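Per full-length UniProt numbering, the very first residue in the sequence shown carries number 1; after that it's consecutive. Note that beta-carbon positions come from the ideal geometry of N, C-alpha and C, so glycine has one too. A quick note: this is a predicted structure, and the numbers were derived from the prediction, not measured. What follows is a single structure, written as structure tokens, with notes after it.
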Amino acid sequence: MSFGEQLALIIRFYTDLETSIGAVSRLKAFSENVKPESWEGETLVPPAEWPLHGAIEINGVSAAYGDSEDKDTTKNLALDNLHLTVAPGEKVAICGRSGSGKSSLLLLLLRLVDPLASTTTPPTPDEEEGKTIQPKLAPMAIDGLPLHAMSRPHLRRRIIALPQEPVFLPSGTPVQTNLDPHHSATAADCRAALEAVSLWPFIASRGGLDAPLAPDTLSQGQKQLFSLARAIVRRRVRARERAAEFGSDYCGDLRDGGVLLLDEVSSSVDQETDEEMQRVIRAEFAAYTIVMVSHRLGMVMGFDRVVIMDAGRIVESGRPGELVEREGSRFRELWMVGNGGKG
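Structure (structure tokens):
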């Protein structure tokens, strides 16, 4: 190795060292400055089959962003006294203008934003004495289990959610690991999921499940389809785990319920990809309760119910086909705007 090559190697190693030191510094700052997420008392571990049916109940919930000491319960609420009941297996679309609270509702169900302490419950003796206690959370439940008492990691592992922007592991991570970071699925599960979203020919042509994945080589539509395949993998793993739990009592799709949350998953894809995603969701999650935030109103017409939000409140709810024909309907107003004034 020549002197020039040695010098270039030393410079590269030094650059890598500086980058690593910066990363360590950021991790240290994160661990020191970010408060633990869980409150004392969030110890409920749901049964292995939860959520089996996907019945959602939200009763009088308000929420705001920021630290609890900075939250003003009289203004700037992301959610304001929200009441919503979703039946098992029901498909509900959440619509509204920007800032209406649509995505906040999904974050609430995932406990990524917390309800404000109830303003209607009388103070406890500890509160009257000025003691610091865990805030009283407004009631939320899925299949009868209170979300405020549940371990957050368990809650988020059991609810399947697709974000607006797909997330990938670092470039070079194998395809199968990107689909199944917890290594709980088989290769057959992963291939079947990719086939379901019509991505398998593309993946197979580039080396299959063991090949490194570079997210930059995927189009925006392919990224969303890959994210959907990841959700399908999770559903299939849960179905197999339930089959092992129930044994001979397991009834396939009749027992294969759950909760799927979708946050503007088609906002950056073309119409063809949008239709493909809806077809796959209907086929793969037929027994699931689905709550979907969408600004594409054409997507929601096949849903059981559409909920219109404004300023953190639900202002209208009903069947989309009926609301779009009703004079004065908020949904009809959004529909007309989205279609250039055409009914």
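Name the residue from Val300, Glu90, Ile11 and Asp80 whose alpha carbon lies nearest to the alpha carbon of Val265. Val300
Which residues does DSSP pair with Leu106 in a beta bridge? For Leu106, which the question treats as bridged, DSSP gives no partner whatsoever.
Between the alpha carbons of Arg157 and Glu284, how many angstroms are there, rounded? 18 Å
Can you check whether the CB of Cys95 is closer than 8 Å to the CB of Ile314? no
Inter-residue CB distance, Ala87 and Val306 (contact presumed, cutoff 8 Å): Ala87 to Val306, Cβ: 15 Å. No contact.
Checking 8 Å against the spacing of the C-beta atoms, do Leu155 and Leu162 come in under that value? no
Ala149 and Asp114 look like a contact to me (Cβ under 8 Å); what is the Cβ gap, rounded to whole Å? The pair is not a contact, with the Cβ atoms about 13 Å apart (cut-off 8 Å).
What does a CB cutoff of less than 8 Å around Gly257 pick up in its chain, not counting 5 residues either side in sequence? Pro51, Leu52, His53, Gly54, Pro88, Gly89, Ala287, Tyr288 and Thr289
Spatial distance of Glu42 from Met140 (CA atoms): 14 Å
Would you call the stretch 9-17 and the stretch 200-215 touching, i.e. three or more CB-CB distances under 8 Å? no
What are the uninterrupted segments assigned as beta strand (DSSP E) that are 3 or more residues long and contained completely in the stretch 129-211, given in chain order? 140-142 and 160-162
Would Val237 pass as a contact of Leu179 if the rule is Cβ separation under 8 Å? no
Reference Ile58, options Leu108, Ala243 and Ala185, closest by Cα: Leu108
What are the boundary residues of the beta strand (DSSP E) that includes Met309? Arg305 to Asp310
Please say whether Ala229 and Leu261 have beta carbons closer to each other than 8 Å? no
For a quick check, are the C-beta atoms of Leu199 and Gln222 less than 8 Å apart? yes
The beta strand (DSSP E) spanning Asp80 covers which residue range? Leu79 to Val86
With distances taken Cα to Cα, identify the nearest neighbour of Gly318 among Leu84, His183, Arg240 and Ile203. Leu84
Using alpha carbons as the reference points, say which of Asp263, Pro201 and Val280 lies closest to Met292. Asp263
As a quick exercise: from His295, Ala185, Asp80 and Gly321, pick the residue whose alpha carbon is nearest that of Val337. His295
For Glu241, tell me which candidate among Asp143, Gly302 and Ala48 has the shortest Cα-Cα distance. Ala48
Around the Cβ of Glu276, are there at least 16 other Cβ atoms within 10 angstroms (buried) or fewer (exposed)? buried
Would you report the Cα separation of Ala204 and Gln220, rounded to the nearest angstrom? 19 Å
Under 8 Å Cβ to Cβ from Ser171, same chain only, skipping five residues before and after it: list those, please. Pro212, Leu213, Ala214, Pro215 and Asp216
Does the distance from the C-beta atom of Gly312 to that of Leu116 stay below 8 Å? no
For Ala188, which option in Ile281, Gln176 and Ser20 has the closest C-alpha, if you only look at C-alpha atoms? Gln176
Among residues of its own chain, excluding the 5 on either side of Asp80, which ones have a beta-carbon nearer than 7 Å to its beta-carbon? Ser62, Ala311, Gly312 and Arg313
Below 8 Å between beta carbons: does that hold for Ala196 and Val280? yes
To the nearest angstrom, how far is it from the Cα of Met1 to the Cα of Ala8? 11 Å
Only counting the same chain, and skipping five residues up and downstream in sequence, which positions put a Cβ closer than 6 Å to that of Thr124? Unreliable positioning characterises Thr124 in this predicted model, as indicated by a pLDDT of 49, which lies under 50. The coordinate reading is nonetheless provided below. Nothing listed; no residue qualifies.
Where Ser2 sits in the DSSP three-state scheme: coil
From the DSSP output, which residues share a beta bridge with Arg235? Beta-bridge pairing links Arg235 to no other residue.
Contact set for Leu169: own chain, Cβ-Cβ below 6 Å, skip 5 residues either direction: Asn178
Have a look at the DSSP bridge pairing and note the partners of Ala93. Met292 and Val306
Own chain residues within Cβ distance below 6 Å of Ile56, not counting five before or after: Val86 and Ile142
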